[in-house]
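Read the structure below first, then the notes.
Below, the structure is given as structure tokens:
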């Protein structure tokens with residue numbers, strides 16, 4: 055199995071620290087709003103990576119954090135007149151709902167930054183003792199970038215190259231020894247959450263959070279650290295510097311980064327009016343379509359989101375779901391009589407050898423830096439083979455083997471291919487009436503829940519002046 059390592063800029067054979075085990079850390083979202091489809095890409099990509107490792111027999115310790123203390127969270131809390139914890143707890147819960155809807159499995163551990171402050175204070179203290187950090191008179195603690203000789207090895211920058219971009223890592227303050235030094239601990243401002251420290255009452259910098267959570271739940275040295283490519287610099291670069299300076303060991307053997315998601319060939323931006331949350335997409339599509347779309351390109355390739363491409367993804371997934379449904383029907387029909395034979399015919403065995411070769415093709419694609427696009431292509435070939443060779447005359451052994459194999463390979467991709475039972479028109483109208491009554495009673499939580507349940511079953515609602523209109527996705 056080969057992985058493209060951002061650190062070395064080449065594909066490398068995966069050799070775990072401990073045979074049969076994978077220690078993997080993925081940077082999670084900052085929880086101040088509903089997650090958008092850009093957040094969804096790394097969630098889906100690295101959930102799939104985890105699933106494939108497990109398919110290959112590895113035991114995976116998968117850690118993905120929630121950043122629950124941040125300027126954006128505090129800003130939202132001030133706007134609403136509530137504690138910052140109210141905002142973070144609300145959106146952690148909402149994020150979990152979206153992850154479940156995307157069939158992203160919960161991590162082995164989902165640590166919260168605010169619950170790991172003690173470990174952050176210890177690491178900062180260690181960095182100060184080793185001469186890699188220093189405290190300013192106002193209590194701000196900075197990492198001494200010049201003390202870490204390998205700074206820039208992940209982003210492949212050197213300090214001279216960073217001059218033009220220094221504002222992205224500079225924090226206001228007159229006592230910084232170097233413009234590139236970054237904050238490990240910052241003094242509190244009025245109304246902000248804070249913790250007691252030897253330097254001042256304050257809160258941690260963003261970068262130290264992930265270093266400490268990775269250390270606590272995975273150890274000083276881990277196999278894989280992953281996230282979006284926007285995190286390479288400065289976040290992951292700074293994680294490496296502070297972790298390796300504190301622990302005296304290489305931080306992560308392999309660094310994986312997914313490429314950006316664009317909307318209609320433009321960067322996603324609220325100001326551009328092309329910003330979509332996962333919930334908004336769920337109103338238009340089954341989220342399995344979004345997952346399928348995300349995996350239809352290699353994770354290191356930029357991905358362009360558009361309505362035509364989502365429609366293509368919807369049609370592609372439907373081909374697989376239709377095939378799975380047909381195989382299920384054939385298996386049910388084969389009960390009793392000659393077709394229930396548990397042994398394939400000679401011709402079926404020959405066809406099954408082709409199916410095995412397509413499975414090998416799928417595995418080769420996934421072994422080559424998790425090339426889900428080529429893996430999906432192999433699935434389509436398997437679907438074509440099933441559609442052209444399995445029929446009413448096929449043995450139960452043959453159709454069930456195809457059904458199980460298709461489910462297995464799609465399951466690795468996190469794709470649910472069992473067709474949902476279709477609602478009758480009368481049942482839909484009854485649910486809409488329930489929703490309207492809930493809205494009338496101002497029970498908006500129930501109204502939203504009914505809308506979500508209908509969307510999950512492929513029924514999309516549109517509230518108009520003439521009333522509620524619905525259509526099947």
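Residue numbers (the working numbering): 55 to 527. Glycine is no exception: its CB is placed at the ideal position from the N, C-alpha and C atoms. Bear in mind that the values here come from a model prediction, so they are computed numbers and not experimental data.
Leaving out five residues on either side along the sequence, give the residues of the same chain with a beta carbon under 6 Å from the beta carbon of residue 71. 277
Using the Cα positions of residue 199 and residue 267, report the straight-line distance between them to the nearest angstrom. 21 Å
What does the Cβ neighbour count give for residue 101, buried or exposed, with the cut at 16 atoms within 10 Å? Sixteen is the threshold: when 16 or more other Cβ atoms of the shown chains lie within 10 Å of the Cβ of residue 101, as they do, the residue is buried.
So, does the stretch 348–362 touch the stretch 423–437, judging by three or more C-beta pairs under 8 Å? Judged by Cβ distances under 8 Å, the stretch 348–362 makes contact with the stretch 423–437, as three or more pairs qualify.
Entirely enclosed alpha helix (DSSP H) segments - the stretch 236–303, minimum 4 residues: 260–272 and 291–301
Assess contact between the stretch 396–404 and the stretch 438–456, defined as three or more Cβ pairs (one per stretch) separated by less than 8 Å. Is contact present? yes
Candidates 185, 300 and 97: which alpha carbon is nearest residue 176's? 300
Backbone CA spacing between residue 79 and residue 359 [nearest angstrom]: 27 Å
Contact between the stretch 187–202 and the stretch 233–242 is defined here as three or more beta-carbon pairs at a separation below 8 Å; is this criterion met? With three or more CB-CB distances shorter than 8 Å, the stretch 187–202 counts as touching the stretch 233–242.
Thinking just about the alpha-carbon of each residue, which of 517, 298 and 334 is nearest to the one in residue 273? 298
In this structure, what does DSSP give as the bridge partners for residue 118? According to DSSP, residue 118 shares a beta bridge with 80.
Strictly by DSSP, which residues pair up with residue 466? Its beta-bridge partners do not exist; DSSP assigns none.
Note the first and the last residue of the continuous beta strand (DSSP E) segment covering residue 197. 195–197
What is the rounded straight-line gap between the Cα of residue 533 and the Cα of residue 186? Absent from the structure is residue 533, since the part of the chain shown begins at 55 and ends at 527.
In terms of residues, what are the limits of the beta strand (DSSP E) holding residue 518? 513–518
Taking one C-beta from the stretch 321–329 and one from the stretch 367–374 each time, how about it: are there three or more such pairs within less than 8 Å? The count of Cβ pairs closer than 8 Å, one atom from the stretch 321–329 and one from the stretch 367–374, stays below three, leaving the stretches out of contact.
Where residue 202 falls: helix, strand or coil (DSSP): Correct three-state label for residue 202: coil.
As assigned by DSSP and simplified to three states, the class of residue 373: Three-state result, residue 373: helix.
Can you tell me the Cα-Cα spacing of residue 224 and residue 293, whole angstroms? Interpretation of residue 224 is limited by its pLDDT of 46, a score under 50 that renders its predicted location unreliable; the figure taken from the coordinates is listed afterwards. Going by the C-alpha atoms only, they are around 16 Å apart.
To the nearest angstrom, how far is it from the Cα of residue 342 to the Cα of residue 437? 18 Å
Skipping 5 residues on each side, what residues in its chain have a beta carbon closer than 7 Å to that of residue 123? Contacts found: 138, 167, 168, 247 and 257.
Own chain partners of residue 112 with C-beta closer than 8 Å, once the 5 adjacent residues on each side are dropped: Exclusion of the five residues before and after residue 112 leaves 70, 74, 75 and 76 as the residues of its chain whose Cβ lies within less than 8 Å of its Cβ.
Does the Cβ of residue 358 lie closer than 7 Å to at least one heavy atom of the ligand COA? The ligand content of the structure shown is nil, which means the ligand COA is not present either.
Around the Cβ of residue 523, are there at least 16 other Cβ atoms within 10 angstroms (buried) or fewer (exposed)? Residue 523 is classed as exposed because its beta carbon has fewer than 16 other beta carbons within 10 Å across all chains shown.
Just how far apart, CA to CA, sit residue 253 and residue 172? 14 Å
Sub-8 Å separation of residue 528 and residue 330 beta-carbons: Nothing can be reported for residue 528, as the shown portion of the chain is limited to 55 through 527.
Can you give the Cα-Cα distance for residue 103 and residue 460, rounded to whole angstroms? 18 Å
Compare the C-alpha of residue 271 against each of 99, 114 and 363 and name the closest. 114
Helix, strand or coil at residue 331 [DSSP, three-state]: strand
Under 8 Å between the Cβ atoms of residue 509 and residue 457? no
For residue 62, count neighbouring C-beta atoms within 10 Å of its own C-beta (all shown protein chains included) and say buried if the count is 16 or more, exposed if not. exposed
Please report the residue range of the beta strand (DSSP E) in which residue 189 lies. 187–189
Could you tell me which uninterrupted alpha helix (DSSP H) segments, each at least 4 residues in length, are contained entirely in the stretch 469–508, listed from first to last along the chain? 479–494
In angstroms with no decimal places, state the Cα-to-Cα distance between residue 96 and residue 388. 42 Å
Let me make sure I understand the geometry here. Which of 307, 255, 259 and 263 has the alpha-carbon closest to that of residue 275? 307
Measure the CB-CB distance between residue 121 and residue 249 and report whether it falls below 8 Å. 8 Å or more divides the Cβ of residue 121 from the Cβ of residue 249.
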